[in-house]
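Peer 1: I have a structure I would like to understand better, so I am pasting it below and will then ask my questions one at a time.
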Amino acid sequence: MVPVSFQMSETPTDGELVLRAREGEELAFGLLVQRYQRPAYAVAYSVTGRHEDAEDAAQESFLVALTRLDECRNPEKFGGWLMTIVRNRSKNLIRRESLRETDQVPPGAQSKVPTPDKLAEAAELRALLQSALEELPEIQRQIVLLHDWEGWKHREIADSLDLPSGTVRSHLHFARKTLRQTLQNAPGVPEIIRKAQ
Amino acid sequence: MKNWLRDNAAESDGLGRDMELAEAFGALDPAMYDPNYWLRFRGWVMSNAATELGRRRLMTRLTVGDVMSSWARALVPTAVLAAAIAGVLTTRPPAAIQAQPIGLEEQLIVEIPGDPAPVLMTPDIGEVFIVFASESF
Numbered sequence: 067m068v069p070v071s072f073q074m075s076e077t078p079t080d081g082e083l084v085l086r087a088r089e090g091e092e093l094a095f096g097l098l099v100q101r102y103q104r105p106a107y108a109v110a111y112s113v114t115g116r117h118e119d120a121e122d123a124a125q126e127s128f129l130v131a132l133t134r135l136d137e138c139r140n141p142e143k144f145g146g147w148l149m150t151i152v153r154n155r156s157k158n159l160i161r162r163e164s165l166r167e168t169d170q171v172p173p174g175a176q177s178k179v180p181t182p183d184k185l186a187e188a189a190e191l192r193a194l195l196q197s198a199l200e201e202l203p204e205i206q207r208q209i210v211l212l213h214d215w216e217g218w219k220h221r222e223i224a225d226s227l228d229l230p231s232g233t234v235r236s237h238l239h240f241a242r243k244t245l246r247q248t249l250q251n252a253p254g255v256p257e258i259i260r261k262a263q
Numbered sequence: 748m749k750n751w752l753r754d755n756a757a758e759s760d761g762l763g764r765d766m767e768l769a770e771a772f773g774a775l776d777p778a779m780y781d782p783n784y785w786l787r788f789r790g791w792v793m794s795n796a797a798t799e800l801g802r803r804r805l806m807t808r809l810t811v812g813d814v815m816s817s818w819a820r821a822l823v824p825t826a827v828l829a830a831a832i833a834g835v836l837t838t839r840p841p842a843a844i845q846a847q848p849i850g851l852e853e854q855l856i857v858e859i860p861g862d863p864a865p866v867l868m869t870p871d872i873g874e875v876f877i878v879f880a881s882e883s884f
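First to last, the sequence lines map onto chains A and B. Residue numbers for the first sequence follow this note's numbering, so the first one is 67 and each next one is one higher. Residue numbers for the second sequence follow this note's numbering, so the first one is 748 and each next one is one higher.
Take a look at the structure:
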């Protein structure tokens with residue numbers, strides 16, 4: 067899904083929303099959350115690899131961003147700034163989790179929401195994707211999720227990760243190649259996708 | 748079994764969005780399991796952000812109006828008091844503020860500790876001394 071800001075030019079820019087949110091305007095901050103909740107979740111997921119951790123890290127990152135909104139030097143690049151917070155927050159979460167040494171719940175069985183029967187196989191695909199993503203370096207996970215899941219452009223990802231655009235393209239290429247190799251060897255994937263839709 | 752991904756898709760797409768992968772990543776979307784997931788996500792963030800947003804609104808209002816008036820509330824009474832004191836001082840009669848003249852002797856003994864007059868020069872001591880001398884010689 068393409069972020070709202072890139073779909074509709076008549077909507078306020080990130081810079082305008084940030085300036086209004088700095089003054090406590092609820093609507094402006096709500097639009098920023100709506101605009102970046104999915105990319106924030108994707109980045110958090112790419113770091114944590116767990117739905118619940120990704121959810122916690124993404125949600126808390128918005129609150130941290132709000133309290134530090136005055137430190138956002140370039141409000142037009144709010145997205146990249148927020149993703150930095152999300153990455154750091156996610157890494158801190160993993161560090162805390164590893165210190166606690168909690169037992170890992172098997173992937174796909176962690177959602178608080180009961181999975182309907184007709185989506186059980188989608189959960190299986192989710193687990194498969196998760197294990198395939200784990201094969202990738204973290205930077206490649208972030209890039210492929212932001213690009214192919216969230217629809218971000220190379221340049222936007224490059225700005226967000228502070229990388230040259232060519233490096234982003236290179237990472238994307240290798241990430242896709244690895245993912246395809248992993249997924250092509252997985253039997254029954256087409257049926258899973260059809261039934262999940 | 749047929750693979751669900753085209754073999755050459757990654758190489759031929761020119762690094763545009765890979766719609767097959769995008770479709771597969773849909774399984775990672777929590778909204779697939781809970782259609783209201785993103786609404787609830789945003790609701791959680793907004794309810795927890797309410798305090799900070801309120802503080803920011805208050806700070807904005809304070810910056811424009813309240814800070815100025817509170818500043819004025821502190822400054823104006825101080826200025827009025829200072830002006831009143833200055834007015835009193837400047838309108839006071841000159842005689843009232845004349846310093847008391849100090850005599851020459853007083854100026855000489857100012858800040859000298861103890862009895863400023865020499866012991867032998869005091870009348871009483873002198874008489875005693877004279878009496879003592881007459882008896883001795």
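Ideal placement from N, C-alpha and C gives every residue a C-beta, glycine not left out. Note that the structure is predicted; figures quoted are calculated from it, not measured.
For A/GLU121, name the three-state secondary structure that DSSP assigns.
Peer 2: DSSP places A/GLU121 in helix when its eight states are reduced to three.
Peer 1: Let me make sure I understand the geometry here. Which of A/LEU83, A/THR114, A/LEU93 and A/THR233 has the alpha-carbon closest to that of A/SER164?
Peer 2: For the residues A/LEU83, A/THR114, A/LEU93 and A/THR233, the minimum Cα distance to A/SER164 belongs to A/THR114.
Peer 1: So that I know if they touch, is there some Cβ in chain B lying closer than 8 Å to that of A/VAL84?
Peer 2: A/VAL84 does not count as touching chain B.
Peer 1: Pick out whichever of A/LEU97, A/TYR107, A/GLN100 and A/PHE95 has its Cα sitting closest to the Cα of B/GLY773.
Peer 2: Selected option, being the one with the closest Cα: A/TYR107.
Peer 1: I need the DSSP call for A/GLU190, collapsed to helix, strand or coil.
Peer 2: Residue state, collapsed to three classes: helix.
Peer 1: If we ignore side chains and look at the alpha-carbon of each, how far apart do B/ARG802 and B/ARG808 end up?
Peer 2: Taking the straight line joining both Cα atoms gives about 10 Å.
Peer 1: Can you tell me which of the three DSSP states B/PRO840 falls into?
Peer 2: In this structure, B/PRO840 counts as coil in the three-state DSSP scheme.
Peer 1: Would you please verify whether the beta carbon of A/GLY81 is less than 8 Å from any beta carbon of chain B?
Peer 2: Judged by the 8 Å Cβ criterion, A/GLY81 is not in contact with chain B.
Peer 1: For the segment 123 to 139 of chain A against the segment 85 to 101 of chain A, are there 3 or more C-beta pairs whose distance is under 8 Å?
Peer 2: Judged by Cβ distances under 8 Å, the segment 123 to 139 of chain A makes contact with the segment 85 to 101 of chain A, as three or more pairs qualify.
Peer 1: Please list, in chain order, the chain B residues whose beta carbon lies closer than 7 Å to that of A/GLN125.
Peer 2: Per Cβ cutoff of 7 Å: PHE788, TRP791 and VAL792.
Peer 1: Judging by CA-CA distance, which residue of A/LYS143, A/GLU216, A/THR77 and A/TYR111 is the nearest neighbour of B/GLU770?
Peer 2: The residue with the shortest Cα to Cα distance from B/GLU770 is A/GLU216.
Peer 1: Is A/ALA124 near A/VAL152, with beta carbons less than 8 Å apart?
Peer 2: Yes; because the gap between Cβ atoms is below 8 Å, this pair is in contact.
Peer 1: Any C-beta of chain B sitting closer than 8 Å to the C-beta of A/THR77?
Peer 2: By this cut-off, A/THR77 is not an interface position.
Peer 1: Thinking C-beta only, is A/LEU238 closer than 8 Å to A/ILE209?
Peer 2: Yes. Within cutoff.
Peer 1: From A/PRO180 to A/HIS117, what distance separates their C-alpha atoms?
Peer 2: Because the pLDDT of A/PRO180 is 47, which lies under 50, any placement of that residue in the model is unreliable, and the number read from its coordinates should be weighed accordingly. Answer to the nearest angstrom: the Cα atoms are 14 Å apart.
Peer 1: Under a CB-based cut-off of 8 Å, is A/PHE144 close to chain E?
Peer 2: Among the chains of the structure shown, chain E does not appear; the protein chains present are A and B.
Peer 1: CA-CA distance, A/GLN206 and A/GLU89?
Peer 2: Their Cα atoms are separated by approximately 37 Å.
Peer 1: CB-CB under 6 Å to B/PRO777, same chain, minus the five flanking residues each way: which ones, in chain order?
Peer 2: TYR784, listed in sequence order.
Peer 1: Which residue's Cα is closest to the Cα of A/VAL234: A/ARG242, A/ILE223 and A/THR244?
Peer 2: It is A/ILE223.
Peer 1: Just confirm the distance between the C-beta atoms of A/LEU202 and A/ALA241, as a whole number of angstroms; I'd bet it's less than 8 Å.
Peer 2: Rounded, the Cβ-Cβ distance is 5 Å, consistent with contact.
Peer 1: Among the residues of its own chain, which have a CB less than 7 Å from the CB of A/GLU204, if the five just before and after it don't count?
Peer 2: Within the same chain, A/GLU204 has close Cβ partners SER112 and VAL113.
Peer 1: A/ARG155 to A/GLU126, Cα distance in whole Å?
Peer 2: If you take the alpha carbons of A/ARG155 and A/GLU126, they lie about 8 Å apart.
Peer 1: Check each candidate in A/GLN247, A/LEU245, A/ASP225 and A/ALA198 and name the one with the smallest Cα separation from A/ASN140.
Peer 2: Nearest option by C-alpha distance: A/ASP225.
Peer 1: Nearest by alpha-carbon distance to B/MET766: which of A/LYS243, A/ASP214, A/THR79 and A/LEU245 is it?
Peer 2: B/MET766 has its Cα closest to that of A/ASP214, out of A/LYS243, A/ASP214, A/THR79 and A/LEU245.
Peer 1: Does the Cβ of A/GLY146 lie closer than 7 Å to at least one heavy atom of the ligand GTP?
Peer 2: Of the ligands one can find in the structure shown there are none, so the ligand GTP has no counterpart to examine.
Peer 1: CA-CA distance, B/LEU775 and A/ALA120?
Peer 2: If I take the Cα positions, the gap works out to 11 Å.
Peer 1: What are the start and end residues of the alpha helix (DSSP H) that includes A/TYR107?
Peer 2: 92 to 114 is the span of the alpha helix (DSSP H), which, as asked, contains A/TYR107.
Peer 1: Given that A/TYR102 touches chain B, what residues does it touch there, using C-beta distances under 8 Å?
Peer 2: The contacting residues do not exist; A/TYR102 stays about 10 Å from chain B at best.
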